[in-house]
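Protein chains in written order, with the numbering used here: chain A, 63 to 343; chain B, 63 to 343. No residue lacks a Cβ here, since even glycine has one placed at the ideal position from N, Cα and C.
Number of protein chains: 2
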Amino acid sequence: MEVIKTPEAMQRRALELKRDGRVIGLVPTMGFLHEGHLSLMRLAREHCDVLVVSIFVNPTQFGPNEDLEAYPRDFERDETLCGQEGVDMVFYPGAENMYAGDASVWIDEHALSGVLCGTSRPGHFRGVCTVVAKLFNLVLPDLAVFGEKDAQQLRIIERLVRDLNFPVEIIRGPIVREPDGLAMSSRNKYLSESQRKNALCLWRSLRQVSELFEQGERETTVLRQAVVDSVESVSEAEIDYIEIVDDTSLAPVDEIKSAVLVALAVKMGDTRLIDNAGLRP
Amino acid sequence: MEVIKTPEAMQRRALELKRDGRVIGLVPTMGFLHEGHLSLMRLAREHCDVLVVSIFVNPTQFGPNEDLEAYPRDFERDETLCGQEGVDMVFYPGAENMYAGDASVWIDEHALSGVLCGTSRPGHFRGVCTVVAKLFNLVLPDLAVFGEKDAQQLRIIERLVRDLNFPVEIIRGPIVREPDGLAMSSRNKYLSESQRKNALCLWRSLRQVSELFEQGERETTVLRQAVVDSVESVSEAEIDYIEIVDDTSLAPVDEIKSAVLVALAVKMGDTRLIDNAGLRP
Numbered sequence: 063m064e065v066i067k068t069p070e071a072m073q074r075r076a077l078e079l080k081r082d083g084r085v086i087g088l089v090p091t092m093g094f095l096h097e098g099h100l101s102l103m104r105l106a107r108e109h110c111d112v113l114v115v116s117i118f119v120n121p122t123q124f125g126p127n128e129d130l131e132a133y134p135r136d137f138e139r140d141e142t143l144c145g146q147e148g149v150d151m152v153f154y155p156g157a158e159n160m161y162a163g164d165a166s167v168w169i170d171e172h173a174l175s176g177v178l179c180g181t182s183r184p185g186h187f188r189g190v191c192t193v194v195a196k197l198f199n200l201v202l203p204d205l206a207v208f209g210e211k212d213a214q215q216l217r218i219i220e221r222l223v224r225d226l227n228f229p230v231e232i233i234r235g236p237i238v239r240e241p242d243g244l245a246m247s248s249r250n251k252y253l254s255e256s257q258r259k260n261a262l263c264l265w266r267s268l269r270q271v272s273e274l275f276e277q278g279e280r281e282t283t284v285l286r287q288a289v290v291d292s293v294e295s296v297s298e299a300e301i302d303y304i305e306i307v308d309d310t311s312l313a314p315v316d317e318i319k320s321a322v323l324v325a326l327a328v329k330m331g332d333t334r335l336i337d338n339a340g341l342r343p
Numbered sequence: 063m064e065v066i067k068t069p070e071a072m073q074r075r076a077l078e079l080k081r082d083g084r085v086i087g088l089v090p091t092m093g094f095l096h097e098g099h100l101s102l103m104r105l106a107r108e109h110c111d112v113l114v115v116s117i118f119v120n121p122t123q124f125g126p127n128e129d130l131e132a133y134p135r136d137f138e139r140d141e142t143l144c145g146q147e148g149v150d151m152v153f154y155p156g157a158e159n160m161y162a163g164d165a166s167v168w169i170d171e172h173a174l175s176g177v178l179c180g181t182s183r184p185g186h187f188r189g190v191c192t193v194v195a196k197l198f199n200l201v202l203p204d205l206a207v208f209g210e211k212d213a214q215q216l217r218i219i220e221r222l223v224r225d226l227n228f229p230v231e232i233i234r235g236p237i238v239r240e241p242d243g244l245a246m247s248s249r250n251k252y253l254s255e256s257q258r259k260n261a262l263c264l265w266r267s268l269r270q271v272s273e274l275f276e277q278g279e280r281e282t283t284v285l286r287q288a289v290v291d292s293v294e295s296v297s298e299a300e301i302d303y304i305e306i307v308d309d310t311s312l313a314p315v316d317e318i319k320s321a322v323l324v325a326l327a328v329k330m331g332d333t334r335l336i337d338n339a340g341l342r343p
């Protein structure tokens, strides 16, 4: 397994691989890998010859009061896991190599980014779009796999690819959960024992809303309130947002007539967790 | 010579060419080709196996009160000229194929775009950056040639490539002038006979400022005033801007100690013309 640490070296290798007709698959990550990431790697592996995993805690997608410094890192462990998964290349650049001091070009998505996490995290999706475009230009993947846990990010990246014509197929990787249902996340590490237990309210509330939907409920005010009640019944849980939106446009929906996304962000102490589920009539 | 009319077909062909190890050169144009464009094609040809010329009057770089509708077009003539220059592919897409009705991803450059033409043409460089990124992703060029007449655009595109890591080498093509010195431009077609004669004030003023500089003048207020006086001595000429800025940062300069760009935009009636010259101490 190659570990590549500079953008120049990565792009050089990618150009060589493309010239040899190899199909490159990319799984972009911020490291501190868990089973969710590994499932994305296995999915990418099915579609490519050369599997590249990028590990980069991208500073530009963190807000000034967010957890950039505290974000968990363990490159040695990540490297071992990538090796076990048969990853061909790990791209592990330093932030100083990824962004010039006077960097001034940014990519913004203007339709899907203003809701959900975009409200709580201004500038977040600018950072995401810009770094993903950079990774695409450095790794030159034929396909890239992104997880459905970051549902809004996934839709914004699909839009990025469509609107800027990147020659990259985006593959959606299903959410991977702990045995009790908590969506896997590098940030779960921050949780205390009691927070870890209470964090189950995200998944539980999504299951409850799915059951109500199965029973025929279509009014989103009713469905949303069920999620709110379920989350609020738990101590330490503070709702950031709970929304039921159109699955494609992320616009608010009153009565469910086509696929919607139930998306929520909840703070457990200082730790902000997200989860989501689709409802399809 | 192939003429390719859809983004999908262009990208498919480009991917085939890359797989075959061919070096692709791109000259992006808005058509109505003149000797300036042809010189860019000859320059690109020296560096590539496959020469692609795009012809696309990009609506997103025109402001609401600008000349999008009136912009001169003559595809048959352009096609003939490209054939004569040995162009391999002409990419000639319709605007409806280039932009989705709900397009929402835009690229902005935030350091070099707020001055010169960026002041007179808000949104112009967003349109330029976005369409150039799209063309890069569709044509997959190894190199692209842009003319020095659009000096600010050239620097912004170099920044775009640097900051988003596009695997594209940007080559600068020198300004091509009519025998009397007027910089070639598709918009010269708009000029009446007297305007055409008076339009020479742009080039004349740049030559005057170069002479003053050669004689040792380094104060930009003095140099700039000479340009202003020279342009204002001509009837019908209305100054949009005349600036002397740092050649790299485009920031204002008081005393010239390193390379600067003298850039001007002048309206002759309804027609806005630009020109520029570098001064190197």
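Subject >> Euclidean distance between Cα positions of A:His109 and A:Ser116 >> reply: Against the first sequence, residue 109 of chain A aligns to sequence position 47. Against the first sequence, residue 116 of chain A aligns to sequence position 54. Approximately 17 Å between the Cα atoms of the pair.
**Q.** C-alpha distance - A:Asn120 paired with B:Glu141, whole-angstrom precision
**A.** Taking the first sequence and counting its residues from 1, one reaches residue 120 of chain A at position 58. Taking the second sequence and counting its residues from 1, one reaches residue 141 of chain B at position 79. Spanning the two alpha carbons is a distance of roughly 45 Å.
Apart from the five residues on each side of it in sequence, which residues of its chain come closer than 6 Å, Cβ to Cβ, to B:Val207? Position 145 of the second sequence holds residue 207 of chain B. Beyond the five residues adjoining it in sequence on each side, B:Val207 comes within less than 6 Å, by CB distance, of Val89, Leu102, Leu105, Ala106, Ile233 and Gly235 in the same chain, given in chain order.
When you compare the stretch 285-298 of chain B with the stretch 323-331 of chain B, are there three or more beta-carbon pairs, one atom per stretch, that lie closer than 8 Å? yes
**Q.** Short-range partners of chain B found in the stretch 190-223 of chain A, where Cβ spacing is below 8 Å
**A.** Cys191, Thr192, Ala195, Lys196, Asn199, Leu200, Leu202, Arg221 and Leu222
- Could you spell out where the beta strand (DSSP E) holding B:Val194 opens and where it closes? Within the second sequence, the letter at position 132 stands for residue 194 of chain B. Looking at the DSSP string, B:Val194 is not in any beta strand (DSSP E); the run it does join, the alpha helix (DSSP H), is His186 to Val201.
Run the CB neighbour count on A:Lys211, radius 10 Å, all protein chains shown included, and call it buried at 16 or more, exposed below. As a position in the first sequence, residue 211 of chain A is number 149, starting the count at 1. In the assembly as shown, A:Lys211 is a buried residue. Its beta-carbon has 16 or more other beta-carbons within 10 Å.
query = So is B:Ala162 buried or exposed if we call it buried at 16+ other beta carbons inside 10 Å?
reply = Within the second sequence, residue 162 of chain B is the residue found at index 100, counting from 1. Looking at its Cβ environment, which holds fewer than 16 other Cβ atoms inside 10 Å, B:Ala162 is exposed.
Practice item. Could you work out which residues of chain B lie near A:Ala165, taking near to mean beta carbons separated by less than 8 Å? Key: As a working mapping, residue 165 of chain A is identified with position 103 in the first sequence. Here the neighbours are Asp225.
For the beta strand (DSSP E) containing A:Val65, name the first residue and the last one. Counting from one through the first sequence, the residue named residue 65 of chain A turns up at place 3. Residues Glu64 to Ile66.
**Prompt:** Can you tell me where the alpha helix (DSSP H) with A:Val290 in it begins and where it stops?
**Reply:** Translated into positions along the first sequence, residue 290 of chain A becomes position 228. Unbroken alpha helix (DSSP H) run through A:Val290: Thr282 to Glu294.
Leaving aside the five residues before and after A:Phe228 along the sequence, list all residues of the same chain whose C-beta is less than 6 Å from its C-beta, in chain order. In the first sequence, the residue the question calls residue 228 of chain A occupies position 166. Cβ within range, chain order: Phe198.
| query | Are any of the Cβ atoms in chain A nearer than 8 Å to that of B:Asp111? | reply | By 1-based counting over the second sequence, the position of residue 111 of chain B is 49. Not an interface residue.
Which parts of the stretch 72-156 of chain B are runs of the beta strand (DSSP E), unbroken and 3 residues or longer, counting only runs that do not cross its ends?
-> Complete beta strand (DSSP E) runs here, min 3: 86-91, 112-117 and 151-153.
*Could you round the C-beta distance between B:Asp170 and B:Arg188 to whole angstroms and report it? I think they count as a contact, below 8 Å.*
What you label residue 170 of chain B is simply residue 108 of the second sequence in a count that begins at 1. What you label residue 188 of chain B is simply residue 126 of the second sequence in a count that begins at 1. With 8 Å as the limit, B:Asp170 and B:Arg188 qualify as a contact, their Cβ atoms being about 5 Å apart.
In the DSSP output, which residue or residues are listed as bridge partners for B:Leu312? For the purposes of this step, residue 312 of chain B is identified with residue 250 of the second sequence, where counting begins at 1. For B:Leu312, which the question treats as bridged, DSSP gives no partner whatsoever.
Along the beta strand (DSSP E) that carries A:Lys329, what are the first and last residues, could you check? Position 267 of the first sequence, counting from 1, holds the residue named residue 329 of chain A. Residues Val322 to Met330.
Where does A:Asn159 sit, in a helix, a strand or coil, going by DSSP?
As a working note, residue 159 of chain A is residue 97 in the first sequence. Annotated three-state conformation of A:Asn159 is helix, per DSSP.
At least three beta-carbon pairs within less than 8 Å, the stretch 308-325 of chain B to the stretch 240-257 of chain B
Per the Cβ contact rule, the stretch 308-325 of chain B is not in contact with the stretch 240-257 of chain B (fewer than 3 Cβ pairs under 8 Å).
Legend entry - Spatial distance of B:Thr215 from A:Tyr154 (CA atoms): Taking the first residue of the second sequence as position 1, residue 215 of chain B is located at position 153. Taking the first residue of the first sequence as position 1, residue 154 of chain A is located at position 92. A quick correction: the sequence has Gln, not Thr, at residue 215 of chain B. Taking the straight line from one Cα to the other gives about 33 Å.
Discussion item. Assess contact between the stretch 74-85 of chain B and the stretch 130-145 of chain B, defined as three or more Cβ pairs (one per stretch) separated by less than 8 Å. Is contact present?
Written reply: no
Going by Cα to Cα distance, which pick from B:Leu312, B:Leu341 and B:Arg266 is closest to B:Glu276? What you label residue 276 of chain B is simply residue 214 of the second sequence in a count that begins at 1. The shortest CA-to-CA distance from B:Glu276 to any of B:Leu312, B:Leu341 and B:Arg266 is the one to B:Leu341.
- Task: Return no unless some Cβ of chain A is closer than 8 Å to the Cβ of B:Lys80.
- Result: Here the question's residue 80 of chain B lines up with position 18 in the second sequence. Answer yes: the Cβ-Cβ gap between B:Lys80 and chain A drops below 8 Å somewhere.
Buried or exposed for B:Pro343, going by 16 or more other Cβ atoms inside 10 Å?
Taking the first residue of the second sequence as 1, we reach residue 343 of chain B at position 281. By the neighbour-count rule (16 or more Cβ atoms within 10 Å), B:Pro343 is not buried but exposed.
Spatial distance of B:Arg245 from B:Ala213 (CA atoms):
Looking up residue 245 of chain B in the second sequence gives position 183. Looking up residue 213 of chain B in the second sequence gives position 151. The displayed chain sequence assigns Ala, not Arg, to residue 245 of chain B. Near 13 Å, if we compare the C-alpha coordinates of B:Ala213 and B:Ala245.
Euclidean distance between Cα positions of A:Ser311 and A:Leu100 = Position 249 of the first sequence holds residue 311 of chain A. Position 38 of the first sequence holds residue 100 of chain A. Each residue's Cα considered, the two are about 29 Å apart.
Exercise for the section: Tell me where the beta strand (DSSP E) around A:Val207 begins and ends. Expected result: Within the first sequence, the letter at position 145 stands for residue 207 of chain A. Leu205 to Gly209 is the span of the beta strand (DSSP E), which, as asked, contains A:Val207.
- Item | Proximal residues to A:Glu97 (C-beta, below 6 Å), its chain only, five neighbours per side dropped | Taking the first sequence and counting its residues from 1, one reaches residue 97 of chain A at position 35. Here A:Glu97 has Val238 and Met246 as same chain residues with Cβ atoms under 6 Å from its own Cβ, once five neighbours each way along the sequence are excluded.
Am I right that A:Val174 and A:Tyr303 are in contact with their C-beta atoms under 8 Å? What's the rounded C-beta distance?
In the first sequence, residue 174 of chain A corresponds to position 112, counting from 1. In the first sequence, residue 303 of chain A corresponds to position 241, counting from 1. Note on identity: in this sequence residue 174 of chain A is Leu, with Val being the wrong assignment. With a Cβ gap of about 15 Å, A:Leu174 and A:Tyr303 do not count as contacting.
For A:Asp150, which option in A:Val223, A:Leu264, A:Arg269 and A:Ile66 has the closest C-alpha, if you only look at C-alpha atoms? Stepping through the first sequence from its first residue, residue 150 of chain A is reached at position 88. The option with the nearest alpha carbon to A:Asp150 is A:Ile66.
Check your understanding: CB-CB under 6 Å to B:Val112, same chain, minus the five flanking residues each way: which ones, in chain order?
Key -> The count along the second sequence starts at 1 and reaches residue 112 of chain B at position 50. So the qualifying residues of the chain are Leu79, Arg84, Ile86 and Asp150.
*A:Gly93 classed as buried or exposed, judged by whether at least 16 other C-beta atoms fall within 10 angstroms*: Counting from one through the first sequence, the residue named residue 93 of chain A turns up at place 31. Buried: at least 16 other Cβ atoms inside 10 Å.
For A:Pro314, count neighbouring Cβ atoms within 10 angstroms of its own Cβ and tell me buried if that reaches 16, exposed if not. Position 252 of the first sequence holds residue 314 of chain A. By the neighbour-count rule (16 or more Cβ atoms within 10 Å), A:Pro314 is not buried but exposed.
- Inter-residue spacing [alpha-carbon to alpha-carbon] between B:Lys196 and B:Met160: Here the question's residue 196 of chain B lines up with position 134 in the second sequence. Here the question's residue 160 of chain B lines up with position 98 in the second sequence. If you take the alpha carbons of B:Lys196 and B:Met160, they lie about 8 Å apart.
May I ask you to report which of helix, strand or coil DSSP gives B:Glu171?
As a working note, residue 171 of chain B is residue 109 in the second sequence. In this structure, B:Glu171 counts as strand in the three-state DSSP scheme.
Selection of the stretch 175-186 of chain B by Cβ proximity to chain A, strictly under 9 Å: Close to chain A, meaning a Cβ-Cβ distance shorter than 9 Å, are the following residues of the stretch 175-186 of chain B: Ser175.
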